[in-house]
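Every letter in the sequence shown is one number past the one before it in the working numbering, and letter 201, counting from 1, is 190.
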Amino acid sequence: MTTIQQNLAAVRQKIAVAAQQCDRSPEEVQLLAVSKTKPVAAIQEAIDAGQRQFGENYVQEGVDKIAHFNTTPFANQLEWHFIGPLQSNKSRLVAEHFHWMHTLDREKIAHRLNEQRPADMPPLNVLIQINISDEQSKSGISLTELPQLAQQISQLPNLVFRGLMTIPAPEPDPARQLAVFQQMTQAFNQLKSEHPQIDTLSMGMTDDMANAIRAGSTMVRIGTAIFGARDYA
Ligand SMILES: *Cc1c(COP(=O)(O)O)cnc(C)c1O
């Protein structure tokens, strides 16, 4: 087995243990492999180990990888998630190439994605990004702004509103970290009464996945634990 295959097996095991510890089924938690900055050879190893859902942060890098794998036998089994900040002048590339978009936080971008989604593709799955830790510099909206944006998005025919995503600030205290994730779950459940179709709560990364699952995450986004540390040099 390669390191990536071993890492994937270990991450799947960790998801299963975290789920079982809180009486959830491991199948309720999807694993998104975050492959940003990693070469297509690394992604191919993950594919060979059965992984099918991948997350990318940089539009052009993601589009290049999607184009590469479109020429391979697994093309139509793969699902590509855009999880980075999106400038409006890049929205067309996301609309034309990705299956999911996790970081919607503005009506303007929602309208652009809706208009730019090609007619021969299924609607784009979207998550609204919540700034749960209220950090000044981070993207995402507050929970008070959520009902209005959710309402606007759900009226756009080429988008499917699937749920919420968050990247909490690092929190060394496990109890406080869990409380932040639980706040997200509560907001998600509340939103469900208005939008019964939402089914995805994207939260949890390499360092906080166990608590995210304990709180109710349905999709963890894992990079480092699968592909190793990233080199931005
Ligand atoms: C990079 C990134 C991840 C993966 O983080 P790791 O700590 O490497 O698991 C998850 N979500 C988002 C939005 C990211 O940018």
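Note that the Cβ used here is the ideal one computed from N, Cα and C, for glycine as well.
Legend entry - Opening and closing residue of the alpha helix (DSSP H) in which Ala158 lies: Careful: Ala158 lies outside any alpha helix (DSSP H) and carries neither H nor E.
Inset, instruction - Using three-state DSSP, classify His91 as helix, strand or coil. - result: strand
Inset, instruction - Kindly identify the DSSP beta-bridge partner or partners of Ser70. - result: At residue 70 the sequence reads His, which differs from the Ser that was named. His70 is bridged to Gly44 and Trp89.
Inset, instruction - Can you give me the Cβ contacts of Gly39 inside the same chain, cut-off strictly under 8 angstroms, excluding the 5 residues immediately before and after it? - result: Leu(-3)
Inset, instruction - Whole angstroms is fine: what's the gap from Glu50's alpha carbon to Gln42's? - result: 16 angstroms
Legend entry - Contact check, Val18 vs Ser191, beta carbons under 8 angstroms: no
Legend entry - Proximity test, Asn214 beta-carbon vs ligand 1 heavy atom, cut-off 7 angstroms: Inspection of the sequence shows that residue 214 is occupied by Ala rather than by Asn. Yes - ligand 1 has a heavy atom lying nearer than 7 angstroms to the Cβ of Ala214.
Legend entry - Between the CA atoms of Leu113 and Arg106 - distance to the nearest angstrom: 7 angstroms
Legend entry - Environment of Glu34 [buried if 16+ CB atoms lie within 10 Å]: buried
Legend entry - One or two residues paired with Met154 in a DSSP bridge: Gln118 and Ser191
Legend entry - Between the CA atoms of Gln144 and Thr155 - distance to the nearest angstrom: 23 angstroms
Legend entry - the segment -2 to 7 / the segment 159 to 172 touching (three or more Cβ pairs under 8 angstroms): no
Inset, instruction - Indicate the three-state DSSP secondary structure (helix, strand or coil) for Arg203 in the structure shown. - result: helix
Inset, instruction - Going by DSSP, name the residue or residues bridged to Val23. - result: Gly44
Inset, instruction - May I ask which residues mark the beginning and end of the beta strand (DSSP E) holding Arg106? - result: Per DSSP, Arg106 belongs to no beta strand (DSSP E) and is neither H nor E.
Legend entry - Beta-carbon proximity list for Arg219, same chain, < 8 angstroms, skipping 5 on both sides: Lys25, Thr26, Lys27, Gly212 and Thr213
Legend entry - Given Leu180 as reference, the closest of Leu153, Ala201, Leu167 and Asn200 once Cα atoms are compared: Leu153
Inset, instruction - Report yes if the C-beta distance between Met57 and His91 is below 8 angstroms; otherwise report no. - result: Going by the sequence as given, residue 57 is His instead of Met. For His57 and His91, no; Cβs fall outside 8 angstroms.
Inset, instruction - Closer than 8 angstroms by C-beta to Arg101: which residues in its own chain qualify, once you throw out the five before and the five after it? Chain order, please. - result: Ser77, Ser80, Arg81 and Ala84
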